[in-house]
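Asks:
Protein chains: 2
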Amino acid sequence: MKNWEKNLRETAPYIPGEQPDFPDMIKLNTNENPYPPAPGVRRALEELQTARLALYPDPEAKKLVEELSAQYRIAPEQIFVGVGSDDVLGMIFLTCFASEKPILFPDITYSFYDVWAKLFRIPYQTIPVDEGFRIRKEDYYRENGGIILANPNAPTSIGEELDFIEDIIKHNPDSVVVVDEAYVDFGGVSAVPLIEKYDNLLVVQTFSKSRSMAGMRIGFAFGSKRLISAIYGVRNSYNSYTMNYPSIVCGVAALKERAYFEECTKKVIGTRERVKKELRELGFSFPDSRTNFLFVTHERVPAAELFAMLREKRIFVRYFKTPRIDNYLRITIGTDAQMERLLEVLREYLRPE
Amino acid sequence: MKNWEKNLRETAPYIPGEQPDFPDMIKLNTNENPYPPAPGVRRALEELQTARLALYPDPEAKKLVEELSAQYRIAPEQIFVGVGSDDVLGMIFLTCFASEKPILFPDITYSFYDVWAKLFRIPYQTIPVDEGFRIRKEDYYRENGGIILANPNAPTSIGEELDFIEDIIKHNPDSVVVVDEAYVDFGGVSAVPLIEKYDNLLVVQTFSKSRSMAGMRIGFAFGSKRLISAIYGVRNSYNSYTMNYPSIVCGVAALKERAYFEECTKKVIGTRERVKKELRELGFSFPDSRTNFLFVTHERVPAAELFAMLREKRIFVRYFKTPRIDNYLRITIGTDAQMERLLEVLREYLRPE
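These protein sequence lines are chains A and B, in that order. Positions 30 to 382 (our numbering) are the ones given, in order, by the first sequence. Positions 30 to 382 (our numbering) are the ones given, in order, by the second sequence.
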């Protein structure tokens, strides 16, 4: 090791998630939306003034913030936007979890929480979810440096009610409480109405799932003016221009088409409910999903075996080789046709000899 | 102050840079390129598959990295890409300056260096440039936790030769040395050839100036595999998907048009050289610029006065109310017509009574 290498911040070696790319594949492994973005996004790209690209984008992404403000009826000063909800959450970790006390989150949840904590040297403690993968709210009634919960949670797909979330906030007036609602539009209950009541609450959402725009990288947070301005303070000390010009104009275009958005989420939910019945008949069990994915285990066949078998058939789902959940598969809800093909392959494989 | 506020990382209150927006204005205040991006960028946007936006972008931005690799003849594993050079530099600060010893940079340079150091709690020491705003290389021959130099430097516009930069690298085998070349394509000398020789060197460039793409947010760094992989490790611990789909395809399109790129930078340099002569005749002096801007002071009229006068005429230039340089203006090189208008206004104002 050379001397200059001692000055490097080391991270766990990164293993990129599988991004298969076969023309005939069925991609149900990264919780993307099977439907394209709203038609207005296409028009926005076509009308985009290329010469405008020579100029810096608006650092405040005002047009995007204003459209979010109009759609969600929240003041612009209470809205933060970033490069996907990962950027939004990363900035929140850096800004809001600067205490010496450990932050708290469930042992089974979005895999980035402990990565951010390690990166920014934030002490943390994970709290086991119960046998049915449910969060126990009482576990969060203890001293801490902050709390982050995904609701609905991933990869469990379980969504909790508003009073559950509010109880946790009520018991933590001295911490910032972050609710990560990446999947909320598929049947979850949002904590957004609580931001006026609790100035220590942040609610984070994304365009990646319900708005079919994972490729554009747009996430946002709602919270008190005090919290939002603190996050912008840190963001602007890092990079004032994170939202590029195409993401601002396309983000606005997507938000304007509320009917299309509602139709797409409704279609995904409809497909999910049909698939649930079929999977149950095939011997699968799973928590009641409020997301665009199912978290399934089979009564007889190990998840790892099913994962490999599906892969052979060019159907990609997600398998976590992680304690407690290594007999589960996370299956994104695709189109009806994609799910029919999945069920066909499963029926064939699981057919009694 | 509420208890939860004690957990916030506080930053200096952010004052956004002036982004004037008048139809008839002449904007020479943020070093943007007056010419539009290469025509291929327009086509890339038109041909962009909107449905592809529903999927996550390639986390490795492989196509963009491969095109940079082809154009600069550098191995893909030696290239890092980010959301503008601010993102690239911010990630480098977080990754490479984790020593307890202070990092070093000039007192007059890009204003974000001390902001990043403060944000990430990196000790730093600024070293005064000389009376003519030149960096003294010997000042960097001392113990340190890292070095960052802009070459050409901003806002001074001064560019140093390759042996000057190499001497600094040679004297610092135990530190990471970063050369920020945001302006290098306008006549500077690049340290890129040195990356094969020194594995502790990083060279950072951007699409914002010479490629007319400030609005797209694309920056990149070249360095040893060891350094580049360490930066990706930190980047991926923060956000694996920073480069959105449009920036990847448009970045590739811009790189492919080398002739257009060379023509634009040549035009800017030509305009700059003509403007220099005219400004000298009007009583201005300035360092010999190797950038797309001039750093000027007038023999008689204070910079603050000229700044305000130009503003009245809807000509926006940059004025820093900062010790040592508060009698200077930073003027971006625009089109010939824009610069002619600037000179006209200055001639009129500075005309002997």
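Cβ coordinates follow ideal geometry from the N, Cα and C atoms, glycine included.
1) Of all Cβ atoms in chain B, is any one closer than 7 Å to the Cβ of residue 216 of chain A?
2) Using DSSP's beta-bridge definition, name the partner residues of residue 153 of chain A.
3) Can you list the residues of chain A that residue 280 of chain B reaches, using a CB-CB cut of under 9 Å?
4) With distances taken between CB atoms, is the gap from residue 319 of chain A to residue 217 of chain A smaller than 7 Å?
5) Measure the Cβ-Cβ separation of residue 32 of chain A and residue 203 of chain B and say whether it is below 7 Å.
6) Quick one, which residues of the segment 169-183 of chain B are near chain A if we go by CB-CB under 9 Å, in chain order?
7) Should residue 58 of chain B and residue 246 of chain B be called a contact, given that it needs their Cβ atoms to be closer than 7 Å?
8) Beta-carbon of residue 243 of chain B versus every beta-carbon of chain A: anything under 7 Å?
9) Just to confirm before moving on: does the CB-CB distance between residue 86 of chain A and residue 111 of chain B stay below 7 Å?
10) Since residue 234 of chain B is in the beta strand (DSSP E), which residue starts that stretch and which ends it?
11) With DSSP as the reference, label residue 267 of chain A as helix, strand or coil.
12) What are the boundary residues of the beta strand (DSSP E) that includes residue 41 of chain A?
13) Between residue 146 of chain B and chain A, is there a C-beta pair that is closer than 7 Å?
14) DSSP on residue 325 of chain B, reduced to helix/strand/coil?
15) Who are the near neighbours of residue 145 of chain A in its chain, counting only those whose CB is closer than 6 Å to its CB and skipping five residues on each side?
16) Determine, using beta-carbon pairs with one atom in the segment 69-81 of chain B and one in the segment 360-377 of chain B, whether at least three such pairs fall under 8 Å.
17) Once you ignore the five residues that flank residue 278 of chain A on each side, which residues in its own chain have a CB closer than 7 Å to its CB?
18) Within the continuous alpha helix (DSSP H) that includes residue 361 of chain B, where are the two ends?
19) Let me check understanding here. Comparing Cα to Cα, which of A:200, A:328 and A:273 lies closest to residue 358 of chain A?
20) Going by Cα to Cα distance, which pick from B:373, B:152 and B:149 is closest to residue 339 of chain B?
21) Can you tell me whether residue 179 of chain B is buried or exposed? The criterion is at least 16 other CB atoms within 10 Å of its CB, across all chains shown.
22) Give the list of continuous alpha helix (DSSP H) stretches no shorter than 4 residues that lie fully inside the segment 285-346 of chain A.
23) Just the chain B side, please: which residues come within less than 7 Å of residue 40 of chain A by C-beta, in chain order?
24) Mind pulling the alpha helix (DSSP H) runs of 4 or more residues that sit fully within the segment 59-101 of chain B?
25) Can you pull the chain A neighbours of residue 287 of chain B, defined as C-beta to C-beta under 8 Å?
26) What residue ranges within the segment 193-259 of chain B form continuous beta strand (DSSP E) runs of no fewer than 3 residues, ordered along the chain?
27) Near residue 184 of chain A, which residues of its chain fall below 6 Å by C-beta distance, leaving aside the five closest residues on each side in sequence?
28) Against chain B, with Cβ distances strictly below 7 Å, would residue 189 of chain A count as a contact?
29) DSSP three-state call for residue 178 of chain B: helix, strand or coil?
30) Would you please verify whether the beta carbon of residue 163 of chain A is less than 7 Å from any beta carbon of chain B?
31) Quick one: which chain B residues come within Cβ less than 7 Å of residue 124 of chain A?
32) Count the other CB atoms, across all protein chains shown, that sit within 10 Å of the CB of residue 275 of chain A; report buried if there are 16 or more and exposed otherwise.
33) With DSSP as the reference, identify every bridge partner of residue 110 of chain A, one or two as the case may be.
34) Do residue 66 of chain A and residue 283 of chain A have their beta-carbon atoms positioned less than 7 Å apart in this structure?
35) Which residue's Cα is closest to the Cα of residue 296 of chain B: B:333, B:241, B:148 and B:335?
36) Does residue 105 of chain A come within less than 7 Å of chain B when only Cβ atoms are used?
Replies: According to the data block:
1) no
2) A:132
3) By Cβ distance, chain A contributes nothing, its closest Cβ being about 11 Å from residue 280 of chain B, past 9 Å.
4) yes
5) yes
6) 174 and 175
7) no
8) yes
9) no
10) 230-235
11) helix
12) No beta strand (DSSP E) contains residue 41 of chain A, which DSSP labels as neither H nor E.
13) no
14) strand
15) 119 and 122
16) no
17) 73 and 77
18) Element bounds for residue 361 of chain B: not the alpha helix (DSSP H) but the beta strand (DSSP E), 358-361.
19) A:328
20) B:373
21) buried
22) 287-310 and 332-341
23) 262, 263 and 266
24) 68-76 and 91-101
25) Residues of chain A passing the Cβ test: none, with the nearest at roughly 18 Å.
26) 206-209, 230-235 and 248-252
27) 324 and 359
28) no
29) strand
30) no
31) 37 and 38
32) buried
33) A:249
34) yes
35) B:241
36) no
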